[in-house]
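Residue numbers for the sequence shown follow the numbering used here, so the first one is 4 and each next one is one higher.
All C-beta atoms, glycine included, are put in the ideal place defined by N, C-alpha and C.
Bear in mind the structure is a predicted one, so any value in this text is a computation, not a measurement.
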Amino acid sequence: MTESLCCLAFDALYLKLVGDQADSEISLSYFDHWLGIKEKLPKSAPLFVTYNINDQLRGCIGTFSPLEIESGVKEFSLNAALNDPRFPPIGHADLNEKLDVHVTLLDEFEHIRQWDNWTVGEHGLKVSMTVPSRRHRLSGTFLPSVAEEQEWDKVTTLWYLLKKAGYETVSKQQTVDFYTRGIGEGWLQLVRYRGKKASYNFEPYMEFREDYEE
């Protein structure tokens with residue numbers, strides 16, 4: 004997956020936080036040329052943008068609805084950096100070599116009928132469910148890289164996935180039975196999917212922008 008999308012995400016954030024009228028927006032095709040990228044991207048895809056500072060999560064927001072790639076990356080770059088309610092917004096002082104961005108394009112969505120019919124490091128997961136004690140349908144997702152990076156096994160991943168969806172009443176020991184019953188009775192849906200991920204650091208992006216503006 005092309006690193007150009009990561010540079011595009013950084014460019015949107017840079018222009019939002021510190022850009023002025025003298026700073027021009029850099030196109031995706033220009034980043035492709037600079038990086039020597041020849042990979043052809045889909046015109047649209049579901050996508051997520053993730054920011055890390057010192058290898059710690061600082062924002063992650065995306066969509067499961069297909070978006071035009073270039074405009075979608077720009078939109079969710081700002082959403083992930085500035086609007087993730089779990090974290091303070093990324094600011095001007097955070098734009099340094101400690102900041103990384105990851106762009107993940109999603110595809111191959113499949114409903115699965117067995118709780119363990121997926122592979123750690125290969126599949127992302129999305130759970131959605133209706134439970135009597137909640138007025139609204141609950142949902143949560145982990146991107147394909149999360150379980151592997153956290154060194155979780157399948158049961159641990161599914162347990163934390165329930166917590167991310169906002170359902171805290173299931174113990175880890177009850178997790179498999181909970182998913183098995185929910186899938187069997189139809190009030191819980193579990194979807195696996197694949198993702199193509201690229202990562203980039205802010206420092207080399209900024210070096211390129213400084214050369215571009217000269």
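The alpha helix (DSSP H) that contains residue i, what's its start and end?
{"i": "A12", "result": "S7 to L20"}
{"i": "A150", "result": "P147 to Q153"}
{"i": "T180", "result": "At residue 180 the sequence reads Asp, which differs from the Thr that was named. Looking at the DSSP string, the run of the alpha helix (DSSP H) that includes D180 is T178 to E188."}
{"i": "T66", "result": "Per DSSP, T66 belongs to no alpha helix (DSSP H); it is in the beta strand (DSSP E), Q59 to E71."}
{"i": "H36", "result": "L31 to L38"}
{"i": "L165", "result": "K157 to K167"}
Whose CA, out of the options, lies closest to the CA of residue i?
{"i": "R197", "options": "R137, E111 and A96", "result": "E111"}
{"i": "K43", "options": "T53, E73, K175 and A96", "result": "E73"}
{"i": "S32", "options": "P45, K19 and L11", "result": "L11"}
{"i": "S80", "options": "P135, T160 and D14", "result": "D14"}
{"i": "T178", "options": "H95, Y163, L18 and E151", "result": "Y163"}
{"i": "V149", "options": "A168, G124, V173 and T172", "result": "G124"}
{"i": "Q228", "options": "S136, E171 and K157", "result": "Nothing can be reported for residue 228: it is not among the residues displayed for the chain, which extend from 4 to 217."}
{"i": "Q192", "options": "T66, V134 and K46", "result": "V134"}
{"i": "L70", "options": "G94, P45 and R61", "result": "P45"}
{"i": "K41", "options": "S30, K199, S7 and T183", "result": "S7"}
{"i": "T172", "options": "I64, S136 and G75", "result": "S136"}
{"i": "S142", "options": "R184, W190, L109 and T183", "result": "W190"}
{"i": "L3", "options": "T183, L165, T5 and P49", "result": "In the structure as shown, the chain starts at 4 and stops at 217, and residue 3 therefore has no counterpart that could be examined."}
Could you check the C-alpha separation between residue i and residue j for me, to the nearest Å?
{"i": "Y208", "j": "W121", "result": "35 Å"}
{"i": "K77", "j": "F51", "result": "11 Å"}
{"i": "L146", "j": "D23", "result": "34 Å"}
{"i": "E206", "j": "D26", "result": "17 Å"}
{"i": "S202", "j": "N86", "result": "20 Å"}
{"i": "C9", "j": "G39", "result": "14 Å"}
{"i": "T107", "j": "D214", "result": "27 Å"}
{"i": "P92", "j": "L98", "result": "12 Å"}
{"i": "T160", "j": "A96", "result": "34 Å"}
{"i": "H219", "j": "K19", "result": "Summary: the structure shown does not reach residue 219, with the chain confined to residues 4 through 217, and so no result is reported for it."}
{"i": "M132", "j": "I186", "result": "9 Å"}
{"i": "K175", "j": "F181", "result": "10 Å"}
{"i": "N82", "j": "Y170", "result": "24 Å"}
{"i": "F67", "j": "S47", "result": "11 Å"}
{"i": "Y17", "j": "G62", "result": "16 Å"}
{"i": "H126", "j": "R195", "result": "6 Å"}
{"i": "F34", "j": "K199", "result": "18 Å"}
{"i": "N204", "j": "F211", "result": "12 Å"}
{"i": "S30", "j": "K167", "result": "35 Å"}
Please classify residue i: is it buried, with 16 or more other beta-carbons within 10 angstroms of its beta-carbon, or exposed?
{"i": "A84", "result": "buried"}
{"i": "R138", "result": "exposed"}
{"i": "H36", "result": "exposed"}
{"i": "K129", "result": "buried"}
{"i": "R2", "result": "Outside the shown range of the chain (4 to 217) lies residue 2, about which nothing can therefore be said."}
{"i": "E152", "result": "exposed"}
{"i": "V21", "result": "exposed"}
{"i": "E28", "result": "exposed"}
{"i": "T53", "result": "buried"}
{"i": "E154", "result": "exposed"}
{"i": "T144", "result": "buried"}
{"i": "R89", "result": "exposed"}
{"i": "G75", "result": "buried"}
Could you spell out the range, first to last residue, of the beta strand (DSSP E) harbouring residue i?
{"i": "R89", "result": "Careful: R89 lies outside any beta strand (DSSP E) and carries neither H nor E."}
{"i": "P49", "result": "S47 to I56"}
{"i": "D26", "result": "Taken as a continuous stretch (DSSP letters only), D26 belongs to no beta strand (DSSP E), as it is neither H nor E."}
{"i": "D119", "result": "Element bounds for D119: n/a, residue is neither H nor E."}
{"i": "N204", "result": "L191 to N204"}
{"i": "V130", "result": "G127 to M132"}
Are the segment 56-66 and the segment 100-107 in contact at 8 Å, needing three or more beta carbon pairs? Counting Cβ pairs under 8 Å, three or more are found: they touch.
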